[in-house]
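Presented below is the structure to which this report refers.
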Amino acid sequence: MPTPTAGGRDLEQAHRYGVGAAVAGLCDPGLGRNRLTGPLVPVLAEAAVTSATPFLRAPLLARISRAMLLHPTAGDATGTCPVCRVPAPCPTASALQS
Ligand SMILES: [Zn+2]
2 MPTPTAGGRD LEQAHRYGVG AAVAGLCDPG LGRNRLTGPL VPVLAEAAVT SATPFLRAPL
62 LARISRAMLL HPTAGDATGT CPVCRVPAPC PTASALQS
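Quick note: the sequence shown uses the working numbering, first residue 2, plus one each step.
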């Protein structure tokens, strides 16, 4: 199994936080009679977050992808970032790769 990147670890942590928040939301007493309890709540929360995550990530990933195209890791033909005009990888490309 490949070593996860810092970004990958951040996404996994965000997923765990999301599942925790979903569990809390499903069990919220404010839901009254619609409140869920029992051992299936974490299962349902995990399924809900897993299903929703691609839709939540899509706008962010699209922006990151556009930024990566503007700041290519290898730079242009001269090895220079075409936007930052510094040797590649520029600080933006380095940040996007972490
Ligand atoms: Zn750049």
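All residues carry an ideal CB built from backbone N, CA and C; glycine is no exception.
Small disclaimer: the values here were computed from a predicted structure and weren't measured.
Taking only the alpha-carbon atoms, compute the straight-line gap between residue i and residue j and give it to the nearest angstrom.
i     : j     : result
Ala89 : Ala63 : 22 angstroms
Pro3  : Arg34 : 45 angstroms
Thr79 : Glu47 : 47 angstroms
Ala23 : Asp77 : 45 angstroms
Phe56 : Leu70 : 22 angstroms
Arg86 : Ser95 : 14 angstroms
Pro73 : Ala53 : 30 angstroms
Glu13 : Thr81 : 33 angstroms
Gly9  : Val84 : 26 angstroms
Thr38 : Pro5  : 34 angstroms
Tyr18 : Asp11 : 10 angstroms
I believe residue i touches residue j by the beta-carbon criterion, under 8 angstroms. Please report the beta-carbon distance rounded to the nearest angstrom.
i     : j     : result
Val42 : Leu32 : Val42 to Leu32, Cβ: 12 angstroms. No contact.
Leu20 : Val50 : It should be pointed out that residue 20 corresponds to Val in this sequence rather than to Leu. Yes, they are in contact, since the Cβ atoms of Val20 and Val50 sit about 5 angstroms apart, within 8 angstroms.
Hey, residue i and residue j: beta-carbon distance below 8 angstroms or not?
i     : j     : result
Leu93 : Ala75 : Going by the sequence as given, residue 93 is Thr instead of Leu. Not a contact, by the Cβ cut-off of 8 angstroms.
Ala15 : Ser99 : no
What residue does the alpha helix (DSSP H) around residue i start on, and which one ends it?
i     : result
Leu32 : First-last for Leu32: undefined, no H or E at that position.
Ser66 : Leu41 to Leu71
Arg36 : Taken as a continuous stretch (DSSP letters only), Arg36 belongs to no alpha helix (DSSP H), as it is neither H nor E.
Asp11 : Ala7 to Leu27
Thr93 : Pro92 to Gln98
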